[in-house]
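**Student:** The sequence shown lines up with residues 596 to 861 when you count with the working numbering.
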Amino acid sequence: MWWCSWSTYEEEFKDMLKQLGEVSEDAVRDLLNYPPVTWYRSYFDTQCKNPMVDNNFTESFNSWILEARHKPIVKMLEDIRVKVMNQLKDRAEEVNSWRGKYSPYVMELYNDYRDMASKCKENFNEERGFEISEGENRVFLYKKQDPTLGIHWWYSKQAWQLVYQHKLQPVRGERFWKVERHQAMDPPPLAKMVGKPKMKRSREKDEARKRQGQCSTSRKGLQMTCSFCGKPNHNKRSCPLANKIYFLSIVYTYNLFFYSQDNMYI
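Printed below as a string of structure tokens:
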């Protein structure tokens with residue numbers, strides 16, 4: 596599925612869809628429910644200079660502030676502010692240490708593509724056109740120029756320096772945060788919920804519970820034992836031996852009553 600989104604031209608996109616259809620036709624049908632313009636690389640314009648087709652910035656930022664997220668709102672924002680301030684400073688120092696005109700990461704990718712291009716075959720038409728072929732794939736090149744000129748300015752050292760030229764300014768402590776009364780935030784209005792208000796909080800399964808002034812663990816999940824016969828998996832109310840004795844006592848009382856009645860008449 597990712598190879599479909601990474602396709603750079605329409606023919607490759609169709610080939611990847613065909614291969615995906617051999618695995619699962621339902622996956623192709625569900626995939627095409629979304630407009631390919633929004634996730635297929637060939638439809639992307641050249642304004643975006645990032646080759647990524649997925650969005651991992653949110654997950655990366657959430658893991659970056661994982662420790663600060665568990666703090667109160669003011670402490671959390673203060674920790675994030677300090678982390679961002681230090682991050683901007685570190686990135687600016689890293690960019691200023693670059694020796695070349697472009698980013699080292701971009702030049703590493705450029706060298707990888709140059710090694711891949713060395714394995715391609717070129718055919719010249721004696722004018723200004725070159726046919727570059729790699730296996731069954733062919734592209735055309737009409738300008739003989741320095742390949743580094745194809746690297747966009749956004750990857751240059753100057754562009755990175757402009758990104759990190761703005762810094763976060765230090766902030767004084769909370770004691771100096773003077774808030775005017777008309778600027779203070781009011782609490783949200785209370786909304787009456789439907790139904791009877793809950794009086795007890797939700798307890799965990801293994802949380803201790805109070806019974807008759809003593810703290811004991813929950814009996815949920817424990818094996819039931821009869822207090823009459825001592826056998827497990829039933830209580831005194833459903834004990835077969837207790838029910839049998841109770842039934843026999845009723846029969847004995849019934850017979851004794853009628854026996855006494857007969858002797859009284861005699």
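Glycine included, every Cβ here is placed at the ideal spot set by N, Cα and C.
Is it buried or exposed for residue 638, if we count other Cβ within 10 angstroms and need 16 for buried?
**Tutor:** That one is exposed.
**Student:** Just curious, the beta strand (DSSP E) that residue 716 is in, first and last residue?
**Tutor:** 716-719 is the span of the beta strand (DSSP E), which, as asked, contains residue 716.
**Student:** So, are the CB atoms of residue 563 and residue 602 less than 8 Å apart?
**Tutor:** Residue 563 lies beyond the residue range present for the chain, which begins at 596 and ends at 861; the question has no answer from this structure.
**Student:** Kindly indicate the opening and closing residues of the alpha helix (DSSP H) around residue 750.
**Tutor:** From DSSP, residue 750 is part of no alpha helix (DSSP H); its letter is neither H nor E.
**Student:** Short of 8 Å in beta carbon distance, which residues of its chain neighbour residue 675, apart from the five on each side in sequence? Order them along the chain.
**Tutor:** These residues qualify, in order along the chain: 660 and 663.
**Student:** Taking three-plus beta-carbon pairs below 8 Å as touching, is the stretch 743-759 in contact with the stretch 687-701?
**Tutor:** Segments in contact, yes.
**Student:** Determine the burial state of residue 735: buried for a count of at least 16 other Cβ atoms within 10 Å of its Cβ, exposed for fewer.
**Tutor:** Any answer about residue 735 is weak, because its pLDDT of 48 lies below 50 and its placement is not dependable; what the coordinates show is given next. Exposed.
**Student:** Just to confirm the assignment: which complete beta strand (DSSP E) runs, minimum length 3, are found wholly within the stretch 762-843?
**Tutor:** Segments of the beta strand (DSSP E) lying fully in the stretch 762-843: 804-806 and 809-811.
**Student:** Mind checking whether residue 635 and residue 600 have CB atoms under 8 Å apart?
**Tutor:** In this structure, residue 600 lies closer than 8 Å to residue 635 by Cβ.
**Student:** Can you give me the C-alpha to C-alpha distance between residue 792 and residue 754, rounded to a whole angstrom?
**Tutor:** Whole-angstrom Cα-Cα distance: 59 Å.
**Student:** If you follow the alpha helix (DSSP H) that residue 658 is in, where does it begin and where does it stop?
**Tutor:** First-last of the alpha helix (DSSP H) with residue 658: 652-659.
**Student:** Using three-state DSSP, classify residue 600 as helix, strand or coil.
**Tutor:** In this structure, residue 600 counts as helix in the three-state DSSP scheme.
**Student:** Here's the rule I'm using: 16 or more other beta-carbon atoms within 10 Å means buried, otherwise exposed. How should residue 608 be labelled?
**Tutor:** Result: buried.
**Student:** From the DSSP output, in three-state form, read off residue 619 for me.
**Tutor:** In this structure, residue 619 counts as coil in the three-state DSSP scheme.
**Student:** Just mark residue 708 as buried or exposed, buried being the case when its beta carbon has 16 or more other beta carbons within 10 Å.
**Tutor:** By the neighbour-count rule (16 or more Cβ atoms within 10 Å), residue 708 is not buried but exposed.
**Student:** Cβ atoms of residue 672 and residue 762: under 8 Å apart, would you say?
**Tutor:** Against a cut-off of 8 Å, the Cβ pair of residue 672 and residue 762 comes out as no contact.
**Student:** To the nearest angstrom, how far is the alpha carbon of residue 704 from that of residue 624?
**Tutor:** Taking the straight line from one Cα to the other gives about 35 Å.
**Student:** Using 10 angstroms around the beta-carbon of residue 698, count the other beta-carbons present and answer buried if the total reaches 16, otherwise exposed.
**Tutor:** With 16 or more other Cβ atoms within 10 Å, it is buried.
**Student:** Once the 5 residues before and after residue 827 are set aside, which same chain residues still bring their CB inside 8 Å of it?
**Tutor:** Only 818, 819, 820 and 821 meet the Cβ criterion.
**Student:** What are the uninterrupted segments assigned as alpha helix (DSSP H) that are 4 or more residues long and contained completely in the stretch 653-700, given in chain order?
**Tutor:** List check, alpha helix (DSSP H) in window: 668-691.
**Student:** Helix, strand or coil: which one does DSSP assign to residue 637?
**Tutor:** DSSP places residue 637 in helix when its eight states are reduced to three.
**Student:** Cα separation between residue 767 and residue 816?
**Tutor:** Near 55 Å, if we compare the C-alpha coordinates of residue 816 and residue 767.
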